[in-house]
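A short write-up of the structure that comes next.
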Amino acid sequence: MTMIQIRDVNKRYDDGFHALKNINLEFRQGEMTVLIGPSGCGKSTTMRLVNRLVSPTSGTVEIGGRDIRSIDPVELRRSIGYVIQSVGLFPHMTIGRNVAVVPRLKRWDADKTARRVDELLDMVGLKPDLYRDRYPSELSGGQQQRVGVVRALAADPDIILMDEPFSALDPLSREQLQEDVARLQQELHKTIVFVTHDMDEALKIADRIVLMKDGEVVQSDTPDRMLRRPANDFVRTFIGQKRLEAGGAADVAEREAGPDLGGFVMADGPTVNDVMVTQPAVTYPGRGLAEAITTMERRKVDSLYVVDRQRKLLGSVSIYNVMDSYGDEDKTVADVMMPVRYSVQSGTPLTQAVELLASHRLHNVAVIDEDSRFIGLITRGSVVRHLAEKLPHGDNGEEPGSSTGLGPQGGNREEHS
Amino acid sequence: MSAGLSFFEFLGERLPDLLLALREHLTLSLIAVLIGSAISLPLGVLLVYSRIGWLNSAVFFLANLLQTIPSLALLAILIPLMGIGARPAVLALLLYSIMPVLRNTYEGFRSVDPHVLEAARGLGYSAAQRLLRVQLPLAVPYIMSGIRLTTVYVISWATLATLVGAGGLGQLIVSGMGVNQPYLIVAGALGAIALALAADLLLGWLESALGRRFGLRGGAAA
Chain A
0 MTMIQIRDVN KRYDDGFHAL KNINLEFRQG EMTVLIGPSG CGKSTTMRLV NRLVSPTSGT
60 VEIGGRDIRS IDPVELRRSI GYVIQSVGLF PHMTIGRNVA VVPRLKRWDA DKTARRVDEL
120 LDMVGLKPDL YRDRYPSELS GGQQQRVGVV RALAADPDII LMDEPFSALD PLSREQLQED
180 VARLQQELHK TIVFVTHDMD EALKIADRIV LMKDGEVVQS DTPDRMLRRP ANDFVRTFIG
240 QKRLEAGGAA DVAEREAGPD LGGFVMADGP TVNDVMVTQP AVTYPGRGLA EAITTMERRK
300 VDSLYVVDRQ RKLLGSVSIY NVMDSYGDED KTVADVMMPV RYSVQSGTPL TQAVELLASH
360 RLHNVAVIDE DSRFIGLITR GSVVRHLAEK LPHGDNGEEP GSSTGLGPQG GNREEHS
Chain B
0 MSAGLSFFEF LGERLPDLLL ALREHLTLSL IAVLIGSAIS LPLGVLLVYS RIGWLNSAVF
60 FLANLLQTIP SLALLAILIP LMGIGARPAV LALLLYSIMP VLRNTYEGFR SVDPHVLEAA
120 RGLGYSAAQR LLRVQLPLAV PYIMSGIRLT TVYVISWATL ATLVGAGGLG QLIVSGMGVN
180 QPYLIVAGAL GAIALALAAD LLLGWLESAL GRRFGLRGGA AA
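Residue numbers (numbering that gives the first Met the number 0), protein chains in the order written: chain A, 0 to 416; chain B, 0 to 221.
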């Protein structure tokens with residue numbers, strides 16, 4: 000059922016900037032719709048139409064079939080949850096008061112509000128007795144945004160708007176919050192409009208993805224169909240963009256220049272070299288643990304492969320290994336790294352690597368050359384993207400590797416099991 | 000004047016005069032600060048919301064200008080307009096008190112994180128609720144430090160009020176000069192100093208109490 004309907008909406012600012020061009024979208028009840036696109040594409044503006052923070056120059060927005068211009072904006076906003084990137088907790092109110100903001104605006108009685116606050120804090124793993132009376136400045140960024148999320152849920156709204164809620168967080172908190180939100184959504188089935196510029200995040204949480212560019216909707220589809228049938232080159236580039244950021248630029252350029260990369264590569268069987276990320280995040284055995292964390296943060300991964308100066312693969316460290324021993328300043332990566340159990344040789348057919356991923360429930364597999372030098376990484380995300388690129392129309396028969404049960408989730412996180 | 004008296008004996012003898020002067024002084028200063036704040040606080044809020052660019056510059060220019068007029072001259076100008084007594088004295092003092100409170104109110108409101116305001120708007124605070132429940136409490140430390148500063152200055156300047164016949168501790172000083180009685184001068188000066196220190200202490204305490212009330216961990220005030 001359609002919850003929110005945006006019809007023929009245009010937004011033109013006084014300075015002549017045409018921010019939204021003829022937007023037609025529907026957000027279905029109980030679904031998480033992710034608006035994604037490069038900055039300035041109008042994704043936030045589109046979201047803000049829904050709670051009247053932006054009013055359209057022309058066109059209409061309806062919620063449950065009712066034109067929202069007929070609803071008082073303040074009342075409308077109290078009935079819609081709202082989470083913003085910078086969290087925006089009120090610094091002069093305790094955590095409990097922050098969560099209680101909308102119930103208090105709606106004049107709930109004090110007991111009901113207090114019970115609701117405790118219930119919500121519990122929901123995101125913040126012990127009410129410990130956190131209720133603290134102030135936002137006493138919480139970490141991840142904890143603050145968790146409060147930001149439950150504040151939006153407080154008065155049990157049907158619709159929740161989330162404007163890049165996790166993009167300012169460190170990778171670990173971001174991952175946890177994505178999981179929190181996915182889990183809450185499983186229970187609560189809210190109609191969520193979620194804005195992000197991170198394709199991995201979108202693939203992970205979305206029921207439906209709306210890709211925007213220059214104030215227009217380029218494609219609106221399920222994550223799966225968007226990967227199988229990107230509407231045009233822009234979509235393809237955008238899906239692949241993260242991969243480029245992950246350091247595979249040279250890799251992609253090579254493959255795109257290669258002669259044998261028509262639509263039939265699948266038949267010839269691609270090798271791991273075609274798909275791997277060529278500059279995965281690494282660290283060295285002598286590095287300190289804080290340095291390892293900084294590298295993880297910079298590369299947005301939660302684990303690193305450890306190599307020596309000749310790039311020979313020595314082991315791997317995950318954020319958990321590092322955090323366990325973080326207090327000990329004398330420890331280095333060499334002290335906490337784990338041996339690498341699975342790796343594939345350069346030139347191995349992709350199917351073998353995919354089987355390895357699936358049968359051992361790995362998040363990724365290292366690719367090494369004859370001298371056991373670490374040359375690349377197969378991640379679930381890289382496989383999915385490869386498929387997306389090679390099957391632009393999704394009609395080349397059965398999707399290879401589909402039997403392995405690899406979904407779009409997994410992104411290019413370089414986790415080790 | 001009995002020259003043989005010690006300073007404390009002198010104080011004892013003139014205590015009623017001293018207390019009267021102290022009370023006059025305090026009343027003048029308090030009224031000036033209260034009326035001054037009552038004008039500059041709303042004015043500061045208004046300027047934050049004003050979309051007329053030149054209005055802000057004009058108001059701040061005027062307030063700055065008032066601050067630069069020598070107090071003696073201001074009082075002299077006010078005598079032909081308002082006669083003598085407490086009224087011109089209060090007016091002059093409140094004119095001086097406007098600038099610090101106005102400036103701090105303005106800065107305090109402007110200092111509120113725009114993201115916090117965006118969140119408040121998105122969550123369904125009306126414009127008035129945003130002002131009273133979000134911006135005002137967050138601006139309180141700034142406003143309080145403006146009032147504190149102003150009060151201390153006004154108490155010091157109020158010693159001149161005696162020139163327009165408004166009494167106060169300045170009266171003791173001027174009389175002391177007239178009859179060459181240093182004790183009188185010292186008593187007036189010490190009284191003004193003590194009053195200023197006491198006001199500073201009291202308002203400082205109020206400032207931190209309000210800060211605790213609004214959950215601000217110090218450092219937020221300008």
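Glycine included, each C-beta is placed from N, C-alpha and C at the ideal position.
Consider the Cβ of V73 (chain A): report whether some Cβ of chain B lies at a distance smaller than 8 Å.
-> The count along the first sequence starts at 1 and reaches residue 73 (chain A) at position 74. Taking Cβ atoms only, chain B reaches closer than 8 Å to V73 (chain A), which makes this a yes.
Say whether chain B places a C-beta atom closer than 8 Å to the C-beta of Y81 (chain A).
-> The sequence position of residue 81 (chain A) within the first sequence is 82, counting from 1. Yes, contact with chain B.
Which residues mark the beginning and the end of the alpha helix (DSSP H) in which S144 (chain B) is found?
-> In the second sequence, residue 144 (chain B) corresponds to position 145, counting from 1. Its alpha helix (DSSP H) spans residues L135 to W156.
The beta strand (DSSP E) enclosing K10 (chain A), as first and last residue numbers | Taking the first sequence and counting its residues from 1, one reaches residue 10 (chain A) at position 11. Segment T1 to R11, the beta strand (DSSP E) holding K10 (chain A).
Exposed or buried, what is K467 (chain A) when buried is set at 16 or more other beta-carbons lying within 10 Å of its beta-carbon?
-> The structure shown does not extend to residue 467 (chain A), since chain A is modelled only from 0 through 416, so no value can be given for it.
Enclosing alpha helix (DSSP H) for K212 (chain A) [first to last residue] = As a first step, residue 212 (chain A) is located in the first sequence; it is residue number 213 there, counting from the start. Element bounds for K212 (chain A): not the alpha helix (DSSP H) but the beta strand (DSSP E), R207 to K212.
What is the rounded straight-line gap between the Cα of V339 (chain A) and the Cα of D112 (chain B)?
-> In the first sequence, the residue the question calls residue 339 (chain A) occupies position 340. In the second sequence, the residue the question calls residue 112 (chain B) occupies position 113. Approximately 48 Å, taken between the alpha carbons.
The segment 43-51 of chain A in contact with the segment 105-125 of chain A per 3-pair CB rule at 8 Å = no
Would you identify the three-state DSSP class for N320 (chain A), choosing helix, strand or coil?
-> If you number the first sequence from 1, residue 320 (chain A) lands on position 321. Helix, per DSSP.
Nearest candidate by alpha-carbon position, reference G346 (chain A), set A:L386, A:T270 and A:H359 = Along the first sequence, one-based indexing puts residue 346 (chain A) at 347. Selected option, being the one with the closest Cα: A:T270.
Rounded straight-line distance, which links the Cα of L71 (chain B) to that of Y152 (chain B) = As a working mapping, residue 152 (chain B) is identified with position 153 in the second sequence. As a working mapping, residue 71 (chain B) is identified with position 72 in the second sequence. Spanning the two alpha carbons is a distance of roughly 15 Å.
Which residues in the same chain have their Cβ closer than 7 Å to the Cβ of H17 (chain A), if we skip the five residues on either side of it in sequence?
-> Within the first sequence, residue 17 (chain A) is the residue found at index 18, counting from 1. Excluding positions up to five away in sequence, the list reads R11 and G214.
Can you tell which of B:A88, B:S96 and B:Y124 has its C-alpha closest to the C-alpha of V424 (chain A)?
-> This structure gives no information on residue 424 (chain A), because the portion of chain A shown stretches from 0 to 416.
Would you mind listing the alpha helix (DSSP H) stretches within the segment 93-141 of chain A that are 4+ residues and don't spill past its ends, in chain order?
-> Complete alpha helix (DSSP H) runs here, min 4: 94-98, 100-104, 109-122 and 127-130.
C-alpha gap between T93 (chain A) and D199 (chain B), whole angstroms = Here residue 93 (chain A) refers to the residue found at position 94 of the first sequence. Here residue 199 (chain B) refers to the residue found at position 200 of the second sequence. Roughly 29 Å between the two C-alpha positions.
Does any residue of chain A bring its CB to less than 8 Å from the CB of A138 (chain B)?
-> The sequence position of residue 138 (chain B) within the second sequence is 139, counting from 1. No, A138 (chain B) does not count as interfacial toward chain A.
Residue range of the beta strand (DSSP E) that M31 (chain A) falls in?
-> By one-based count along the first sequence, residue 31 (chain A) stands at place 32. From DSSP, the beta strand (DSSP E) with M31 (chain A) extends over M31 to I35.
Can you tell me whether DSSP reads D232 (chain A) as helix, strand or coil?
-> Residue 232 (chain A) sits at position 233 when you count from the first residue of the first sequence. In this structure, D232 (chain A) counts as helix in the three-state DSSP scheme.
CA-CA distance, L34 (chain A) and M161 (chain A)?
-> Looking up residue 34 (chain A) in the first sequence gives position 35. Looking up residue 161 (chain A) in the first sequence gives position 162. Approximately 10 Å, taken between the alpha carbons.
Close-in-space but distant-in-sequence residues of the same chain around K311 (chain A) (CB under 8 Å, 5 per side omitted) = Position 312 of the first sequence, counted from the start, is the residue given in the question as residue 311 (chain A). Contacts found: D370, S371, R372 and F373.
Starting from I478 (chain A), trace the beta strand (DSSP E) both ways and give me its first and last residue.
-> One cannot answer for residue 478 (chain A) here, as it falls past the ends of chain A, which runs 0 to 416.
How long is the line joining the alpha carbons of R487 (chain A) and V149 (chain A), rounded to whole angstroms?
-> Since the first residue shown for chain A is 0 and the last is 416, residue 487 (chain A) is missing from the structure and cannot be characterised.
Is E30 (chain A) closer than 8 Å to D232 (chain A) when the C-beta atoms are compared?
-> Indexing the first sequence from 1 puts residue 232 (chain A) at position 233. Indexing the first sequence from 1 puts residue 30 (chain A) at position 31. Cβ atoms of D232 (chain A) and E30 (chain A): not closer than 8 Å.
Exposed or buried, which one is R173 (chain A) when buried takes at least 16 other CB atoms within 10 Å?
-> Within the first sequence, numbered from 1, the residue matching residue 173 (chain A) stands at position 174. R173 (chain A) comes out buried.
Just confirm the distance between the C-beta atoms of Y182 (chain B) and F9 (chain B), as a whole number of angstroms; I'd bet it's less than 8 Å.
-> The residue you call residue 182 (chain B) lines up with position 183 of the second sequence. The residue you call residue 9 (chain B) lines up with position 10 of the second sequence. Indeed they touch by this definition, with Cβ atoms about 5 Å apart.
The segment 9-20 of chain B / the segment 72-88 of chain B touching (three or more Cβ pairs under 8 Å) = Result no; under three Cβ-Cβ pairs closer than 8 Å.
How long is the line joining the alpha carbons of T331 (chain A) and Y283 (chain A), rounded to whole angstroms?
-> Position 332 of the first sequence, counting from 1, holds the residue named residue 331 (chain A). Position 284 of the first sequence, counting from 1, holds the residue named residue 283 (chain A). Cα to Cα, T331 (chain A) sits roughly 9 Å from Y283 (chain A).
Are the C-beta of A118 (chain B) and some C-beta of chain A separated by less than 8 Å?
-> Working through the second sequence from its first residue, we reach residue 118 (chain B) at position 119. Residue-level contact by beta carbon holds for A118 (chain B) and chain A, with a gap shorter than 8 Å.
In angstroms with no decimal places, state the Cα-to-Cα distance between G404 (chain A) and R68 (chain A).
-> Locating residue 404 (chain A) in the first sequence gives position 405, where the first residue counts as 1. Locating residue 68 (chain A) in the first sequence gives position 69, where the first residue counts as 1. Residue confidence for G404 (chain A) is low, a pLDDT of 37 falling below 50, so the modelled location carries little weight; the figure read from the coordinates is stated next. Using only the alpha carbons, I get a separation of about 46 Å.
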